[in-house]
Every structure is written in C-alpha cells, then in structure tokens.
Ligand SMILES: Nc1ncnc2c1ncn2[C@@H]1O[C@H](COP(=O)(O)OP(=O)(O)O)[C@@H](O)[C@H]1O
Ligand SMILES: [Mg+2]
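In this note's numbering, the protein residues as written are 12 to 424.
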C-alpha cells in the first residue's frame with residue numbers, strides 16, 4: 012500500500028518507519044515531514060492545506076492517509092478527504108471534539124460515567140474571577156476549553172497566580188473551567204477504535220517537564236517509555252472496560268462514532284483512576300515507544316479501524332521495553348535557535364533508532380529546525396537495558412546547545 016502521513020514530528024517519522032519495516036507499506040510519503048524522511052517521500056504541503064493534500068493523494072494514488080497532529084483533525088481534515096473519496100485514518104471533526112473541546116470531553120465523561128476530576132465551568136472572565144476569589148483550596152486546576160498547544164492548563168498555588176493566568180488568557184467570551192487537583196502518577200493509554208470496538212495499546216508514560224526529576228516548565232514531552240508499570244494488568248482492564256469502551260459506545264449512540272486513536276491521559280492514585288483528558292490522535296513521544304513493541308502489521312490495524320473490523324485483527328505486543336529520549340535545542344521550551352548543524356546521527360549503533368522531529372536536511376547535511384530535534388529510541392529485555400542502549404549512544408549525536416534529560420524512565424527503575 013501507499014501511505015501519506017500528515018505531520019512533521021517524531022511521531023510521524025516513527026509511523027513511517029514502522030509501516031515501511033513491518034511489511035505494511037510499499038511507499039510512505041510524509042507531508043511536510045522532516046530531515047529523517049527520504050527526499051523523494053517528503054511532500055512540501057502544510058498540514059492545513061486540505062485541497063493540496065487531496066490532489067497529491069489523487070496524483071500519487073495514495074491508499075491511506077494517516078493524520079498525526081490534532082489541529083487538522085479538529086479542523087475537519089478527515090471529513091474533507093472522505094468527501095474526496097480518499098481513505099483516511101482518524102476521527103471526523105465532530106468526534107475530534109473530544110480533544111478539541113475539553114468541556115465536550117467532560118460532558119461525554121459525565122454521560123458515560125467515566126471517572127474524572129470534579130469541575131465547575133464558566134463563560135467569561137468575570138464569572139471565573141468571582142469563583143477564584145472565593146476559592147480556599149489550592150492548588151487547583153484551570154483549563155481553557157479549546158486547543159492551546161499545551162498552554163491551556165494552569166495549576167495555580169494561590170488566588171494571585173490564578174488571576175494572573177485568567178487575566179492573560181480569558182476574555183469576556185472564553186469558555187473555561189476549574190477542576191479539582193488530583194494527586195498521583197500519570198500514564199497514557201492509547202486505544203485504536205473502529206467506532207464500535209476499541210483495542211488498547213501498551214501503556215506508556217511520558218516526561219513533560221524540561222529538567223531531570225520532573226522540574227522546570229512543561230514541554231511537548233522530553234522522553235517516554237513503555238510499558239508503564241504503574242498501569243497494572245488490572246488497571247489496563249479497568250481502562251478498557253470503564254473508560255475507553257464506554258466513551259466509544261457513548262459517542263456512537265450520540266451519532267458521532269469515534270474512529271482512530273482515542274488516547275486517555277490518566278491519573279493513577281492507588282486504586283483510584285481518573286481521566287485528565289482525552290486526545291484524538293497518536294501521542295508524541297508515546298508513539299515512538301509503543302510502535303517498536305507492536306507485533307504484526309500496523310497497516311492491518313489502521314485498515315481495520317477504517318473498515319470497522321478491529322474485532323478480527325489481533326493486536327499484540329512483544330514482551331520487552333522501549334524508551335525514547337528527546338534531544339532538544341538550547342532554550343526550548345522558550346526561544347531557541349534553528350539551523351545548527353547536527354552530526355553523528357549515522358554513527359550510532361543499530362541498538363538505537365533515531366526518529367527525527369525538528370530537523371531539516373540540505374544536500375547531505377542535517378540541521379536543527381525545531382525545539383524538539385531528535386528522539387533517540389531503543390528497546391531491551393528490561394527497561395534498564397533499553398535505557399543503557401539509548402544513553403550509551405546518544406552522546407555520539409552533537410549539535411550546538413543540545414540538551415536531553417538523563418533520567419527518562421526513572422519511575423520504572
Ligand atoms: N485535575 C488535575 N490534577 C492534577 N494535575 C492535572 C489535572 N489536570 C491536568 N493536570 C496536569 O496538567 C497537565 C496538562 O493537562 P491536560 O489536561 O493533559 O491538558 P493538555 O495536555 O491539553 O495541556 C497534565 O498532564 C497534568 O500534569
Ligand atoms: Mg495532556
């Protein structure tokens with residue numbers, strides 16, 4: 012089959028690597044892709060140019076489009092391509108609201124009896140400000156309703172901090188809510204759904220903060236590993252039966268069937284499991300550690316999601332462990348330079364797989380082109396072995412001001 016993947020991160024490079032290596036694909040194009048994608052398969056079309064994407068699919072006779080990031084999903088890329096008779100993996104616009112509107116997700120969770128934090132919702136600055144001024148329990152959590160590229164959630168420790176976030180981010184029309192603060196350990200369980208069935212993938216845990224020990228500001232993710240031992244077999248069972256399946260059933264009953272990746276962000280505190288949020292797509296960097304452990308053909312699973320036949324396709328995982336460590340540019344998640352030469356990517360041993368994110372290739376040389384630059388990934392029989400594989404090789408890769416966390420997967424060790 013011929014695939015077109017939409018996006019330009021490590022997730023998209025990992026998807027393309029997997030499809031090419033497990034026999035799913037003859038050709039995999041990526042739009043717009045990055046320096047890790049071979050030149051003839053890099054497609055210079057932005058993720059929001061739906062007509063250009065459709066016309067590329069017709070020209071190249073693409074058999075399936077896979078959408079990586081949330082923004083085109085929430086903007087209706089799946090609806091658009093389906094109308095053009097192009098086969099596409101991912102949720103339609105109305106179903107992608109589960110990520111695109113956190114209040115929609117809250118409403119679905121309430122309807123389906125899915126455990127989540129208590130919340131109070133507001134329209135406009137005055138209403139939430141009045142509520143915050145009377146709040147006596149901190150920290151609490153403030154969430155903007157819509158997509159915010161990871162900047163829509165604040166966890167203020169005081170009224171002052173809360174008002175600062177509100178003054179910066181909330182206007183008279185904003186939809187916004189306050190949520191109780193939950194303690195525990197976070198993990199991600201991604202499930203692939205065909206609108207009726209949902210099959211959970213191996214649980215992963217990512218590391219959002221920039222510095223070791225989970226310190227410093229939030230990022231898109233500095234590393235991840237799978238499986239996450241905090242998600243015990245019992246918790247996985249519970250997540251499937253009490254969270255993922257009820258949401259899939261509830262959305263189908265409302266006439267908005269969810270097809271694609273339904274990603275549950277969980278907070279686990281002993282026996283108490285609550286959903287922090289849903290995403291409507293593969294996680295980045297979680298995908299980079301889930302795919303190396305998957306057995307069989309990824310393409311079969313994605314096809315079954317589109318066809319509604321997931322009950323007939325086995326989804327199984329190898330017994331090992333996988334870890335990915337993000338190399339980022341100096342200054343990330345703040346301002347960072349671009350265009351610094353990267354060396355050593357071809358010198359690492361075959362124990363590691365390097366998924367590109369913010370890279371660009373010019374002639375034969377590779378340069379930085381984003382905040383998260385590379386994902387150095389390895390598997391191993393134990394998490395320790397996987398981790399040693401990454402950290403023994405990563406030093407060979409160099410660029411000016413490169414930075415990576417030294418403690419990815421510490422919770423599992
Ligand atoms: N109710 C909560 N209690 C404690 N921490 C929370 C809560 N909600 C969110 N968080 C923290 O904030 C992060 C971002 O929130 P999330 O709902 O995942 O939004 P997004 O990923 O869209 O920014 C979570 O990964 C978690 O660390
Ligand atoms: Mg999140």
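Each residue gets a CB set at the ideal place from its N, CA and C atoms; glycine is no exception.
Check	Outcome
Give me every residue whose Cβ sits closer than 6 Å to any heavy atom of ligand 2, in chain order.	276, 288
Identify the continuous alpha helix (DSSP H) that holds residue 120 and give its terminal residues.	113-122
So, are the CB atoms of residue 337 and residue 234 less than 7 Å apart?	yes
In its own chain, which residues sit with a C-beta less than 6 Å from the C-beta of residue 129, not counting the 5 before and 5 after it?	191
How should residue 23 be labelled, buried or exposed, when 16 other C-beta atoms within 10 angstroms of its C-beta is the threshold for buried?	buried
Compute the beta-carbon to beta-carbon distance between residue 91 and residue 230, rounded to the nearest angstrom, for a pair I have assumed lies under 8 Å.	Incorrect: roughly 31 Å between the Cβ atoms, too far for contact.
Alpha carbon to alpha carbon, how far is residue 354 from residue 290? Give it in angstroms, no decimals.	34 Å
Below 8 Å on the Cβ atoms is my contact criterion, and I expect residue 297 with residue 217 to pass it. Report the Cβ-Cβ distance as a whole number of Å.	6 Å
Do residue 181 and residue 136 have their CB atoms nearer than 7 Å?	yes
Output the residue ranges of the alpha helix (DSSP H) runs that lie fully inside the segment 30-104 and measure 4 residues or longer, sorted by chain position.	61-71, 81-85, 88-94
Rounded to whole angstroms, how far is the Cβ of residue 371 from the Cβ of residue 332, which I believe are closer than 8 Å?	Actually they are not in contact, since the Cβ atoms of residue 371 and residue 332 sit about 31 Å apart, beyond 8 Å.
Kindly indicate which three-state DSSP category residue 212 falls into: helix, strand or coil?	coil
At the 7 Å Cβ level, is residue 298 part of the contact set with chain E, yes or no?	Chain labels in this structure do not include chain E; a single protein chain is all it has.
Name the DSSP bridge partner or partners of residue 376?	373
Just reading off the beta strand (DSSP E) that residue 199 is part of, what are its end residues?	196-205
Looking at residue 192 and ligand 1, is the gap between the Cβ and the nearest heavy atom below 6 Å?	yes
Over the uninterrupted beta strand (DSSP E) stretch that includes residue 290, give me the two end residues.	283-290
Please name the residue or residues paired with residue 134 in a DSSP beta bridge.	186
Can you give me the start and stop residues for the beta strand (DSSP E) that residue 388 sits inside?	383-391
By the 10 Å Cβ neighbour count, where 16 or more other Cβ atoms means buried, how is residue 46 classified, buried or exposed?	buried
How is the alpha helix (DSSP H) around residue 312 delimited, first residue to last?	309-318
Please state if the CB of residue 309 and the CB of residue 29 are separated by a distance shorter than 7 Å.	yes
What is the residue span of the alpha helix (DSSP H) that residue 403 lies within?	394-404
Can you tell which of 13, 16, 415 has its C-alpha closest to the C-alpha of residue 223?	415
Please list, in chain order, all residues of the same chain as residue 420 whose beta carbon is under 6 Å from its beta carbon, the five residues on each side excluded.	236, 334, 394, 398
Measuring CA to CA, which of 423, 93, 44, 82 is closest to residue 66?	93
Measure the C-alpha to C-alpha separation of residue 127 and residue 286 and round it to an integer number of angstroms.	5 Å
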